[in-house]
Amino acid sequence: MSSNLVILISGRGSNMRSLIEASHKPHSSYRVALVLSDQPEAKGLGVAADLGVPARALPAKDVADRAQYDQILCDAVLAAQPALVALAGFMRILGPPFVRTFAGRLLNIHPSLLPLYKGLHTHRRALDAGDVRHGATVHYVTEELDGGPGILQARVPILPDDDESSLSARVQQVEHRIFPLAVQWHCAGRVACRGTQVFMDGVPLDRPVIWNESMR
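Listed below in structure tokens is the structure:
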């Protein structure tokens, strides 16, 4: 039986789409039960609906208090009985009570090789630093921004003529591969987080798994 996944988005939902499409494949360990957005104009809501997934907005602008909004969001997520919650371009920082409610079952994808470049503008920062490679990391969410333990990481080369746009596009291609895979692993019981330690097939990881094309 497939596990329920809830996806939180703020924009066009390209990673959300990759998660939904992967859930339709044979032997998927999860089904997308609900998509929620803090932005009513988010294009991803229409994409989700077109793919047959219930989707609705919980506008953050309608709630002045951050803690109150987090509770409204938490209640909506819990109603879908998720085994896992995925942040797919969700641009709000979630408060500690929300994070604690879903501890060990809250995943995020971040466009950098964490612990490098937490926060925003990761592609620009990698280019400005003269890095030769960049990438994306799927990690469990903790109360530290982009600081939770990593599960899976994909690396891409930085080319001499790259700008933010070209580098972002190359990173996004691998994001669409690693996020569904990490979700599949979690919902199949292959990966788990206990405290701040990630286990893969029962073995503790001291760093994220490095993705390659052969992985399933």
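Residue numbers are given in this note's numbering: position 86 of the sequence shown equals residue 87, and the series is strictly consecutive. Glycine included, C-beta positions come from ideal geometry on N, C-alpha and C.
Residues in its own chain within less than 6 Å of residue i by CB, not counting five upstream and five downstream?
| i | result |
| --- | --- |
| residue 99 | 71, 75 |
| residue 155 | 136, 137, 175, 179, 212 |
| residue 64 | 70 |
| residue 210 | 153 |
Determine the extent of the alpha helix (DSSP H) in which residue i is found, giving its start and end residues.
| i | result |
| --- | --- |
| residue 67 | 67–80 |
| residue 17 | 15–24 |
| residue 157 | Run containing residue 157: none in the alpha helix (DSSP H); it sits in the beta strand (DSSP E), 151–158. |
| residue 46 | 44–51 |
| residue 94 | Note, residue 94: premise wrong, no alpha helix (DSSP H); not H, not E. |
| residue 187 | 165–188 |
| residue 130 | That residue, residue 130, is in no alpha helix (DSSP H); it is neither H nor E in DSSP. |
Figure out for me which residue from the options has the closest Cα to the Cα of residue i.
| i | options | result |
| --- | --- | --- |
| residue 173 | 27, 205, 18 | 18 |
| residue 94 | 14, 67, 122 | 67 |
| residue 43 | 217, 22, 60, 25 | 60 |
| residue 187 | 46, 35, 105 | 105 |
| residue 8 | 64, 189, 46 | 46 |
| residue 164 | 28, 102, 127 | 127 |
| residue 200 | 116, 28, 153 | 153 |
| residue 140 | 177, 191, 184 | 184 |
| residue 13 | 31, 35, 29, 89 | 89 |
| residue 195 | 215, 142, 189, 162 | 142 |
| residue 181 | 117, 109, 62, 102 | 109 |
Who are the Cβ neighbours of residue i in its own chain at under 8 Å, not counting the five residues just before and after it?
| i | result |
| --- | --- |
| residue 119 | 111, 113, 146, 147, 148 |
| residue 167 | 160 |
| residue 37 | 7, 8, 9, 10, 56, 57, 58, 59, 74, 77, 78 |
| residue 122 | none |
Would you mind reading off the limits of the beta strand (DSSP E) that contains residue i?
| i | result |
| --- | --- |
| residue 87 | 85–88 |
| residue 136 | 134–141 |
| residue 7 | 4–10 |
| residue 37 | 31–38 |
| residue 193 | 192–195 |
| residue 108 | 107–111 |
Taking 7 Å as the line, does the beta carbon of residue i fall inside it for any heavy atom of the ligand MN?
| i | result |
| --- | --- |
| residue 142 | As far as ligands go, the structure on display features none, and thus does not contain the ligand MN. |
I'd like the list of long-range same chain contacts for residue i, defined as Cβ closer than 7 Å, with 5 residues on each side in sequence excluded.
| i | result |
| --- | --- |
| residue 169 | 124 |
| residue 21 | 33, 49, 52, 54 |
| residue 144 | 97, 100 |
| residue 103 | 86 |
| residue 41 | 58, 60 |
Quick one: measure Cβ to Cβ for residue i and residue j, integer angstroms, because I've assumed they're closer than 8 Å.
| i | j | result |
| --- | --- | --- |
| residue 11 | residue 39 | 6 Å |
| residue 6 | residue 85 | 5 Å |
| residue 115 | residue 151 | 6 Å |
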